[in-house]
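Written out below as structure tokens is the structure these notes cover.
In my numbering, the protein residues as written are 224 to 441.
Here it is in structure tokens:
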């Protein structure tokens with residue numbers, strides 16, 4: 224059962240809603256099998272796709288086209304969109320007027336496709352990609368350098384130190400990023416703060432679940 228409502232107020236965990244229609248509480252209670260009814264809130268995104276999002280999506284599609292041999296102006300956009308809809312079960316959308324949420328979900332899916340299939344990026348395309356938490360997490364998961372996209376290792380922002388056993392340190396205290404061998408060496412030579420400022424990198428802190436998923440001990 225679905226209802227439409229507007230959020231009137233939010234204070235911590237308390238949310239006040241104004242329902243679009245009256246609700247028959249007895250019917251809701253019956254569906255809840257006599258238990259206290261629970262709800263799932265899904266926010267509607269009324270923002271349209273941004274020029275930046277659209278540019279990044281088409282840049283990735285162009286890279287996939289070069290890698291796959293499809294024609295970027297005729298075949299690749301349709302093929303990738305069809306594949307996305309089949310795999311995710313999402314509804315049909317248009318890149319001309321879809322929401323920012325839809326565009327971001329499609330962009331994330333395209334990135335995962337490229338990483339999973341080792342689709343090479345040109346420097347220009349890689350530089351366009353967002354340097355945010357989701358992107359850093361994706362680079363760590365796929366072991367791709369967050370600067371150049373080449374094969375990477377997990378790098379600690381804080382120096383682990385010589386002679387310390389990485390298996391016995393508390394990784395919950397560290398921030399992480401994925402760096403290839405060349406950029407990892409450069410980071411140690413430059414010093415961490417100068418390195419982060421040069422490349423505008425935002426390393427991320429990982430919770431227990433993410434560290435387990437990424438096979439980072441501790």
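Note that the Cβ used here is the ideal one computed from N, Cα and C, for glycine as well.
Are the Cβ atoms of residue i and residue j separated by less than 9 angstroms?
i           : j           : result
residue 272 : residue 337 : no
residue 437 : residue 426 : no
residue 344 : residue 329 : no
residue 318 : residue 368 : no
Give the straight-line distance between the Cα atoms of residue i and residue j, rounded to the nearest whole angstrom.
i           : j           : result
residue 357 : residue 249 : 43 angstroms
residue 326 : residue 422 : 26 angstroms
residue 385 : residue 309 : Low per-residue confidence applies at residue 385: pLDDT is 44, beneath 50, and the placement is therefore not dependable, though the value from the model is reported in the following sentence. Roughly 49 angstroms between the two C-alpha positions.
residue 267 : residue 355 : 23 angstroms
residue 270 : residue 323 : 6 angstroms
residue 252 : residue 245 : 15 angstroms
residue 209 : residue 411 : Residue 209 cannot be examined here, being either before or after the span of the chain that is shown, 224 to 441.
residue 383 : residue 350 : Note that residue 383 has pLDDT 49, beneath the 50 cutoff, so the model's placement of it is unreliable and the number below is only indicative. Roughly 29 angstroms between the two C-alpha positions.
residue 235 : residue 264 : 15 angstroms
residue 260 : residue 431 : 32 angstroms
residue 231 : residue 262 : 17 angstroms
residue 254 : residue 238 : 22 angstroms
By Cβ distance, which residues of its chain are closer than 8 angstroms to residue i, with the 5 residues on each side in sequence left out?
i           : result
residue 287 : 293, 299, 303, 333, 336, 337, 342
residue 282 : 347, 348, 351
Is it buried or exposed, residue i, if we count other Cβ atoms within 10 angstroms and call 16 or more buried?
i           : result
residue 387 : Unreliable positioning characterises residue 387 in this predicted model, as indicated by a pLDDT of 46, which lies under 50. A coordinate reading is not provided.
residue 375 : buried
residue 399 : buried
residue 363 : buried
residue 414 : exposed
residue 279 : buried
residue 372 : buried
Residues in the same chain with beta-carbon distance under 6 angstroms from residue i, minus the five sequence neighbours each way, listed in chain order, please.
i           : result
residue 379 : 397
residue 370 : 406, 422
residue 275 : none
residue 313 : none
Hey, would you say the C-beta of residue i is under 8 angstroms away from at least one heavy atom of the ligand GDP?
i           : result
residue 414 : Among the components modelled here there is no ligand, and therefore nothing to report on the ligand GDP.
Ignore the nearest five residues each way along the sequence and tell me which others in residue i's own chain have a CB closer than 7 angstroms to its CB.
i           : result
residue 228 : 240, 241, 242, 243
- Along the chain, which unbroken stretches of the alpha helix (DSSP H) at least 4 residues long are found entirely within the region 322-391? 323-339, 346-351, 356-365
- Mind listing, in chain order, the continuous alpha helix (DSSP H) runs of no fewer than 4 residues lying wholly within the region 386-439? 404-413, 415-422, 431-436
- Fully enclosed by the region 299-324, which alpha helix (DSSP H) runs are 4 residues long or longer? Correct list: 299-311.
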